[in-house]
Amino acid sequence: MVKAFVVIVAVGLSVYCLYEIAGTPARAVRAMPKAVWFLVVLVPIAGPLAWFLGGREAPRAGPPPRPQPRVVGPDDDPDFLWRIQQRERRSKRQGGDEDPPPAEPT
1 MVKAFVVIVA VGLSVYCLYE IAGTPARAVR AMPKAVWFLV VLVPIAGPLA WFLGGREAPR
61 AGPPPRPQPR VVGPDDDPDF LWRIQQRERR SKRQGGDEDP PPAEPT
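Here the sequence shown stands for residues 1 to 106, numbered as in my numbering.
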């Protein structure tokens, strides 16, 4: 039972590390290239520990980065809506708001 637990933990750590290495940008991997880390973590217990201690970039201290502002469509932009209203008012004052008469059927 204990042997099965150790095997499950070793395989689980290796699988987790493989997934983490695959998702880590190459510039954030320390000490060795990603391809070598893929091989290292296959060594039971010692490989994943090496990855946790020396392979991945340490988490940064401090506040999390500010979220990027979301893209706002033109119909949500107050300035855009204001300009449209101004154009409509101008065209109504100038009499350009009327539709042309329908064409006569031939």
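Cβ coordinates follow ideal geometry from the N, Cα and C atoms, glycine included.
Practice item. Go to Q86, then tell me how far its alpha helix (DSSP H) extends in each direction, as first and last residue. Key: Counting along the chain, the alpha helix (DSSP H) containing Q86 begins and ends at 78-94.
Point to revise | Length of the line joining the Cα atoms of R90 and P78 | key: So the alpha carbons of these two residues sit roughly 18 Å apart.
Practice item. Taking L18 as part of the alpha helix (DSSP H), name the residues at either end of that continuous run. Key: Annotation: the continuous alpha helix (DSSP H) that includes L18 extends over 2-23.
Point to revise | Buried versus exposed, by CB contacts within 10 Å (16 or more), V15 | key: Counting Cβ neighbours within 10 Å, V15 comes out exposed, since fewer than 16 surround it.
**Study point:** With 16 other Cβ atoms within 10 Å as the buried cut-off, status of G47
**Key:** Buried: at least 16 other Cβ atoms inside 10 Å.
Point to revise | Residues bridged to V29 [DSSP beta-bridge criterion] | key: According to DSSP, V29 bridges with R56.
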